[in-house]
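Residue numbers (the working numbering): 84 to 338.
Here is the structure:
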């Protein structure tokens with residue numbers, strides 16, 4: 084780690100000179116301990132197509148309701164990127180659907196979706212597992228390991244599940260204890276994203292990101308909903324998704 088953490092490796096970011104130095108150093112170490120190559124064409128490596136995206140400052144970012152509109156600010160209220168290679172990210176009048184923790188775990192007797200149709204909609208998730216904030220006397224306590232996060236609790240799983248169900252976007256309500264890091268960590272990439280290139284049915288959602296708890300609370304309140312109360316309901320196996328009445332999410336920015 085002392086070698087790889089040195090300034091000469093420049094952070095080892097994908098596609099950078101530092102990455103090339105890292106790969107070359109690792110190959111040399113493998114040779115020295117007697118390993119044999121098993122990569123493509125008898126080499127040490129395998130090609131992995133990566134996709135680099137960067138979301139610019141939004142021209143439009145808001146949630147419209149029947150009688151008013153709530154403007155949102157990128158990095159202050161929300162933070163989102165895209166996993167698709169698009170020139171412009173555009174979402175027009177997509178309904179918001181709160182899916183609780185967004186967990187589908189038949190082996191644990193848990194399904195937050197209950198057959199809801201998410202096609203063309205924005206799925207709004209809570210971070211972590213359904214039992215993260217559970218009290219000892221709640222039925223869900225310990226079902227997902229308590230404070231030890233399972234893969235169902237990770238942001239990557241939330242995005243993947245939203246994509247599998249046809250959602251156009253996914254927003255995760257941020258809270259520092261549940262995420263295990265603060266808002267400053269969420270926004271640190273500055274709209275930039277690296278991911279394995281996907282196509283066809285494996286494509287990610289068009290928009291994926293986070294919404295701060297204060298902003299989410301305001302959005303839910305505009306829809307006549309109580310986010311803290313819904314957090315408690317989401318800890319029950321009987322929870323059903325809740326569509327924010329007459330909500331329309333709009334976002335437009337350069338990709």
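Even glycine gets a Cβ: it sits at the ideal position worked out from N, Cα and C.
Query raised in the report: What span of residues does the alpha helix (DSSP H) with residue 110 cover, start to end?
Result: 100-115 is the span of the alpha helix (DSSP H), which, as asked, contains residue 110.
**Report entry** Where the beta strand (DSSP E) containing residue 295 begins and where it ends
**Finding:** Counting along the chain, the unbroken beta strand (DSSP E) around residue 295 starts and ends at 290-295.
Requested in this report: Just confirm the distance between the C-beta atoms of residue 195 and residue 185, as a whole number of angstroms; I'd bet it's less than 8 Å.
Outcome: Between the beta-carbon of residue 195 and that of residue 185 there is about 5 Å, and that keeps the pair under the 8 Å contact cut.
Report task. Put residue 165 into one of helix, strand or coil per three-state DSSP. Result -> coil
Requested in this report: State the Cα-Cα distance for the pair residue 322 and residue 131, rounded to the nearest angstrom.
Outcome: 40 Å
Query raised in the report: So, helix, strand or coil for residue 171, using DSSP?
Result: strand
Requested in this report: Verify whether the separation of the beta carbon atoms of residue 253 and residue 317 is less than 8 Å.
Outcome: no
Query - Spatially closest choice to residue 139 from 173, 212, 86, by CA coordinates - result: For the set 173, 212, 86, the Cα lying nearest the Cα of residue 139 is the one of 173.
Requested in this report: Determine which residues share a DSSP beta bridge with residue 205 and list them.
Outcome: Per DSSP, 179, 252.
Requested in this report: Output the boundary residues of the alpha helix (DSSP H) element that contains residue 329.
Outcome: From DSSP, residue 329 is part of no alpha helix (DSSP H); its letter is neither H nor E.
Report task. Under 7 Å Cβ to Cβ from residue 92, same chain only, skipping five residues before and after it: list those, please. Result -> 101, 104, 105
Report task. Round the Cβ separation of residue 166 and residue 276 to the nearest angstrom and send it over; I've been treating them as touching at under 8 Å. Result -> 7 Å
Report task. Please say whether residue 230 and residue 201 have beta carbons closer to each other than 8 Å? Result -> no
Report task. Compute the beta-carbon to beta-carbon distance between residue 279 and residue 133, rounded to the nearest angstrom, for a pair I have assumed lies under 8 Å. Result -> 6 Å
**Report entry** Closest Cα partner of residue 245 within the set 147, 182, 129, 127
**Finding:** 182
Query raised in the report: For residue 303, which three-state DSSP category applies?
Result: Residue 303 sits in a helix when the DSSP states are folded into three classes.
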